[in-house]
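Participant: Quick note on numbering: this note's numbering labels position 3 of the sequence shown as 682, and the sequence is numbered without any gaps.
Every residue gets a Cβ at the ideal spot worked out from N, C-alpha and C, and that includes glycine.
Remember, predicted model here, so these are calculated numbers, not experimental data.
Would you mind keeping the following structure in view while I ask a few things?
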Amino acid sequence: MATPTATWRNLTAADIPSLMRVADVVHPGLPESAEVFAERATLFPEGCLALVNNQDQLCGYAISHPIRNQQPPALDSLLGEIPPDADRYYIHDVAILPEYRGGGLAATAIRRLLDLAVAKGLRGTCLVAVYGTEGFWARFGFAIEEVGENLRKKLRGYGDDAVYLSRVNDIHA
């Protein structure tokens with residue numbers, strides 16, 4: 680069966696209730712508040728995407744923003760601001776409803792986010808991988824990064840299988 684058609688666009692505040700429904704399906708064991716997503720969309724709108732089908736129904740989302748090296752936010756926590764000295768790009772989440780998976784939609788969003796990271800001059804991109812998805816992320820150049828005890832404690836909030844992944848961005852002078 681073919682993957683239904685959907686396209687990526689910028690996330691808006693009006694999308695947050697629909698985003699929460701997708702998050703509840705994709706991440707039932709990793710709940711985050713609507714305020715977390717709304718804040719990220721306000722602080723760094725260019726890094727927040729909505730995947731919508733032909734009826735403009737949200738069927739996925741991508742949330743990302745700059746951070747300091749090895750300082751991702753804890754699960755379900757507000758940022759307050761984007762650090763002015765941020766030197767890494769953080770992919771907070773790429774979530775797609777199961778029926779829309781397998782057609783390259785996630786890859787399209789990830790490439791768009793990686794291009795944005797390069798355009799912003801950020802040296803690396805990082806994320807917290809859950810559900811054993813390290814192999815998926817490896818296709819985009821991500822590898823497990825060794826972390827200190829403070830970050831290890833933070834990762835536990837994402838579940839026992841959470842690992843910190845990073846990659847070097849191809850920044851040309």
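Any heavy atom of the ligand NAD inside 7 Å of the beta-carbon of residue 739?
Facilitator: The ligand NAD is not part of the structure shown, which contains no ligands of any sort.
Participant: On the three-state DSSP scale, how would you describe residue 697?
Facilitator: Taking the sequence shown and counting its residues from 1, the one referred to as residue 697 is at position 18. Of the three classes helix, strand and coil, the one that applies to residue 697 here is helix, per DSSP.
Participant: Using a Cβ-Cβ distance cut-off of 8 Å, determine whether residue 810 contacts chain D.
Facilitator: Among the chains of the structure shown, chain D does not appear; only one protein chain is present.
Participant: From residue 786 to residue 711, what distance separates their C-alpha atoms?
Facilitator: Taking the sequence shown and counting its residues from 1, the one referred to as residue 786 is at position 107. Taking the sequence shown and counting its residues from 1, the one referred to as residue 711 is at position 32. Their backbone Cα atoms lie some 24 Å apart in a straight line.
Participant: Three or more C-beta pairs closer than 8 Å, one from the segment 775–782 and one from the segment 723–740: is that the case here?
Facilitator: A contact exists between the segment 775–782 and the segment 723–740.
Participant: Counting along the chain, where does the beta strand (DSSP E) carrying residue 728 start and finish?
Facilitator: Numbered from 1 along the sequence shown, position 49 holds the residue referred to as residue 728. Start and end: 727–732.
Participant: Between which two residues does the alpha helix (DSSP H) containing residue 721 stretch?
Facilitator: To locate residue 721, count along the sequence shown from 1; it is residue 42. Start and end: 713–722.
Participant: With residue 754 as the anchor, note down where its beta strand (DSSP E) starts and where it stops.
Facilitator: Counted from its first residue, the sequence shown places residue 754 at position 75. If you look at residue 754, you'll find it isn't in any beta strand (DSSP E); DSSP assigns it neither H nor E.
Participant: Would you mind working out which of 735, 760, 754 sits nearest residue 853, comparing C-alpha positions?
Facilitator: What is shown of the chain runs 680 to 852, which leaves residue 853 out entirely.
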